[in-house]
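K.L.:
Per my numbering, the very first residue in the sequence shown carries number 1; after that it's consecutive.
Ideal Cβ placement from N, Cα and C applies to all residues, glycine included.
This is the structure, below, for whatever I ask next.
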Amino acid sequence: MSDGKAPVLITGAGGLLGRCLVERLTGQGREVIGLAHAELDITRHDDVARRIQSINPAAVINAAATTDVDRCETDPKWAYAVNEAGPRYLASECEAIGAQFVHIGTDYVFSGDKEGFYTQDDAPNPSGVYAQSKLAGERAALEETDRCYIVRSSWIFGLGGKNFGSKVLNYARAGARLKGVIDQTSIPTYAPDLAARIITIIEREVYGLYHVTNSGTATWFEFARMALDLAGMSEVEIEPVKRADLNQAAPRPRNSAMRCLMSERLGLAPLRRWSEALEEFVREEALVESNPNPAQAP
Numbered sequence: 001m002s003d004g005k006a007p008v009l010i011t012g013a014g015g016l017l018g019r020c021l022v023e024r025l026t027g028q029g030r031e032v033i034g035l036a037h038a039e040l041d042i043t044r045h046d047d048v049a050r051r052i053q054s055i056n057p058a059a060v061i062n063a064a065a066t067t068d069v070d071r072c073e074t075d076p077k078w079a080y081a082v083n084e085a086g087p088r089y090l091a092s093e094c095e096a097i098g099a100q101f102v103h104i105g106t107d108y109v110f111s112g113d114k115e116g117f118y119t120q121d122d123a124p125n126p127s128g129v130y131a132q133s134k135l136a137g138e139r140a141a142l143e144e145t146d147r148c149y150i151v152r153s154s155w156i157f158g159l160g161g162k163n164f165g166s167k168v169l170n171y172a173r174a175g176a177r178l179k180g181v182i183d184q185t186s187i188p189t190y191a192p193d194l195a196a197r198i199i200t201i202i203e204r205e206v207y208g209l210y211h212v213t214n215s216g217t218a219t220w221f222e223f224a225r226m227a228l229d230l231a232g233m234s235e236v237e238i239e240p241v242k243r244a245d246l247n248q249a250a251p252r253p254r255n256s257a258m259r260c261l262m263s264e265r266l267g268l269a270p271l272r273r274w275s276e277a278l279e280e281f282v283r284e285e286a287l288v289e290s291n292p293n294p295a296q297a298p
């Protein structure tokens, strides 16, 4: 991303990570063009080619993906269109204009059978359509361009997210019955922290495969319990459950905590612990909850 004059294009800019990337890059004075799904469907090759050729970006960060793991299991055609074909089209057009390409991957590419942390030296062994289509997307991108960063992350949470980690406080306030999985372990990752590290990585211009997460490990039960306690809702109960009790369509890895060998080689410090990031998230969430329409405040 050495060309400071050319814009950075972010696909999936309407999503949690996409919004964080747009905000971070804009704050650094970069020209950023963020395209939400309604503005660019990455599964349409002609549209992808037309947009990238007209914008001529220095880098494309693909934050567009489906994270509906269970729908992927019942609709594999859709899953592969978004998670494999889309990254292939984007990478191909980046190669054509000499742009860098960043693709966001997932911890789900691992089987979950390993004790300890997965690194880049561990062979992926995905279970289920979501995980398989995401791994296929990584490989498709690498087939199309050498100027490629694959950034795997896990359990991304943040303001405006649609996952359990981002919504647990809203669920609790609404009186929903909360269940926390106790037999699935990974690393909750705060979207603003992930966005900042992605930018640092592409500024280094060392292509390759990265694992980017916050530090420490947790179960969803532990994450939710801490979030509620920090938000002053310690009285809210969470039912501990095993993943199998939920009867979900798609499998999830039992353990998918990751460590990044590439970051260590580059001397990049580990991101802060997920619990510290969660404290910031709860503070930010409380501000939004107390003033959901700041533009209308007196």
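If we require 3 or more residues per run, which beta strand (DSSP E) segments fall completely within the stretch 12-83?
P.N.:
Every beta strand (DSSP E) of 3 residues or more that sits fully in the stretch 12-83 is shown, in chain order, as 32-35 and 59-62.
K.L.:
Helix, strand or coil: which one does DSSP assign to Ala218?
P.N.:
One-based indexing of the sequence shown puts residue 218 at position 218. Here Ala218 sits in strand by DSSP.
K.L.:
Is the stretch 174-189 touching the stretch 228-247, taking contact as three or more C-beta pairs under 8 angstroms?
P.N.:
yes
K.L.:
Among the residues of its own chain, which have a CB less than 6 angstroms from the CB of Cys318, if the five just before and after it don't count?
P.N.:
What is shown of the chain runs 1 to 298, which leaves residue 318 out entirely.
K.L.:
Is it true that the CB of Arg30 sits closer than 8 angstroms to the CB of Phe117?
P.N.:
As a first step, residue 117 must be located in the sequence shown, where it is residue number 117. As a first step, residue 30 must be located in the sequence shown, where it is residue number 30. In this structure, Arg30 does not lie closer than 8 angstroms to Phe117 by Cβ.
K.L.:
Name the DSSP beta bridge partners of Ile104, please?
P.N.:
For the purposes of this step, residue 104 is taken as residue 104 along the sequence shown, with counting starting at 1. Beta-bridge pairing links Ile104 to Val151.
K.L.:
Whole-angstrom Cβ separation of Arg177 and Gly216, contact assumed at under 8 angstroms?
P.N.:
The residue you call residue 177 lines up with position 177 of the sequence shown. The residue you call residue 216 lines up with position 216 of the sequence shown. Not confirmed; about 27 angstroms, so no contact.
K.L.:
For Leu9, which beta-bridge partners are listed by DSSP?
P.N.:
Residue numbering aside, residue 9 sits at position 9 when the sequence shown is read from its first letter. Ile33 and Val60, per the DSSP bridge assignment.
K.L.:
Between which two residues does the alpha helix (DSSP H) containing Pro124 stretch?
P.N.:
Here residue 124 is taken as the residue at index 124 of the sequence shown, counted from 1. Segment: none, Pro124 is in no alpha helix (DSSP H) and carries neither H nor E.
K.L.:
Answer yes or no: do Leu159 and Val288 have a C-beta to C-beta separation smaller than 8 angstroms?
P.N.:
Against the sequence shown, residue 159 aligns to sequence position 159. Against the sequence shown, residue 288 aligns to sequence position 288. Against a cut-off of 8 angstroms, the Cβ pair of Val288 and Leu159 comes out as a contact.
K.L.:
State the start and end residues of the unbroken beta strand (DSSP E) segment that holds Lys179.
P.N.:
For the purposes of this step, residue 179 is identified with residue 179 of the sequence shown, where counting begins at 1. From DSSP, the beta strand (DSSP E) with Lys179 extends over Leu178 to Val181.
K.L.:
Going by DSSP in three states, Tyr190 sits in which element: helix, strand or coil?
P.N.:
Taking the first residue of the sequence shown as 1, we reach residue 190 at position 190. Here Tyr190 sits in strand by DSSP.
K.L.:
Starting from Gly175, follow the alpha helix (DSSP H) in both directions and report where the run begins and ends.
P.N.:
Residue numbering aside, residue 175 sits at position 175 when the sequence shown is read from its first letter. Unbroken run through Gly175: none, as it is neither H nor E.
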